Amino acid sequence: MRDSAYSLREQRKRETSRALTDAARRLTTERGFAGFTIEELCAEVGVSRRTFFNYFESKENAVFGFTTIDSRQEALEEEFTAQDGDLLDDFLQLTIRRFELFNPVEDAPALFAVIEQEPRLLKAAFEQLAKNERRDMGLILRRIPDAADAELRAEVIVHTVGALVRMSMDQLLHHQSPEPFSDLITRRLDLARSLYAPSQKDH
6 MRDSAYSLRE QRKRETSRAL TDAARRLTTE RGFAGFTIEE LCAEVGVSRR
56 TFFNYFESKE NAVFGFTTID SRQEALEEEF TAQDGDLLDD FLQLTIRRFE
106 LFNPVEDAPA LFAVIEQEPR LLKAAFEQLA KNERRDMGLI LRRIPDAADA
156 ELRAEVIVHT VGALVRMSMD QLLHHQSPEP FSDLITRRLD LARSLYAPSQ
206 KDH
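The working numbering runs 5 ahead of the 1-based position in the sequence shown.
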C-alpha cells in the first residue's frame, strides 16, 4: 500500500513537471521568453511559486525540461556507483537507461521551435549540460576514487560518451534512423574501441 502511494505521488510529480515545461514552452513561443513571469507560468498550471522551485532551478530550466533530479534517475545513478564491472560499459548503460526514461527525441520539435524564437536560451542549455557533465564525472569518481588520473579518466569517459550521444541523436533526429538509441550508441562505442585498440602489427 505504501509503495502504491509512493508511486502515485511520483507520477503526479512527473505530471506537474511536464505541465510546467509544456506551459513554459508555449508561453515562450507565444510571448517570447521575457514575455511572462514565473508567477504567470505557475498560474497557467495551477501551482505555487514554491512548488515551481521544487521542480526547476530557473525559468530557463523549465523551458528545457531540466528538472531537479528525478527519483528514478537517482536510483539508476546509485546502482551505477555500486557496480564493479567495466566502467565505460556501465556508464554507457546508465546513459541508455536515462535516455529510455526521458527520451529527448520526443521533445526535440518543441525545443527547436523555442530555440528558433529565442536563440539566447542556448547559453542556458549549454550551462546546464556542463553541470550535468560535472555531475556524471562525480559519479565516476565515486567508482574510482583512488585510481591514477581519476579526474582525467572521468572527464574522458563523460566527454567520449557525450560525443557518442550526439552522433546517435543526429541519426535519430536528422536521418530518421529506425535503429533504437541503444543500438546506435553501442555500435559507435564498439567501433571507437576497435579504432583505438592496439593493432595486431604492434604485437
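All C-beta atoms in this analysis are idealised placements derived from N, C-alpha and C, irrespective of residue type, glycine included.
Just so you know, these numbers come straight off a predicted model, no measurement behind them.
Closest by C-alpha distance to Leu-46, out of Tyr-60, Gln-78, Asn-59, Lys-64, is Lys-64. Between Ala-24 and Val-50, the C-beta gap is smaller than 7 Å, which places the two residues in contact. Within a 10 Å sphere around the beta-carbon of Glu-105 sit fewer than 16 other beta-carbons, which makes this residue exposed.
It is roughly 38 Å from the alpha-carbon of Ile-149 to the alpha-carbon of Arg-55. DSSP places Asn-108 outside both helix and strand once states are collapsed to three, so it counts as coil.
Around the beta carbon of Thr-26, 16 or more other beta carbons sit within 10 angstroms, so the residue counts as buried. Our two residues, Phe-186 and Met-174, have alpha carbons roughly 8 Å apart in a direct line. Linking Pro-124 to Leu-32 through their CA atoms gives a straight-line distance of about 15 Å. The continuous stretches of alpha helix (DSSP H) do not include Gln-88, and DSSP gives it neither H nor E. Excluding its 5 nearest sequence neighbours in each direction, Ala-152 has C-beta neighbours in its own chain below 7 Å: Arg-158, listed in chain order.
Met-172 counts as exposed, since fewer than 16 other C-beta atoms from the protein chains shown sit within 10 angstroms of its C-beta. The Cβ atoms of Val-163 and Asp-141 lie closer than 7 Å to each other. Two segments are said to touch when three or more pairs of C-beta atoms, one from each, lie closer than 8 Å; by this definition the region 34-44 does not touch the region 98-113. Judged by DSSP secondary structure, His-180 falls outside any alpha helix (DSSP H); it is assigned neither H nor E.
Per DSSP, the continuous alpha helix (DSSP H) segment holding Thr-56 begins and ends at 54-60. Rounded to whole angstroms, the Cβ separation of Leu-177 and Arg-193 is 13 Å, and the two are not in contact under 8 Å.
Secondary structure within the region 119-163: not one fully enclosed beta strand (DSSP E) run of 3 or more consecutive residues is present. With a beta-carbon spacing of about 5 Å, Thr-72 and Ser-22 fall inside the 8 Å limit used to define contacts. Annotated as proximal: Phe-85 and Asp-95, with beta-carbon spacing under 7 Å.
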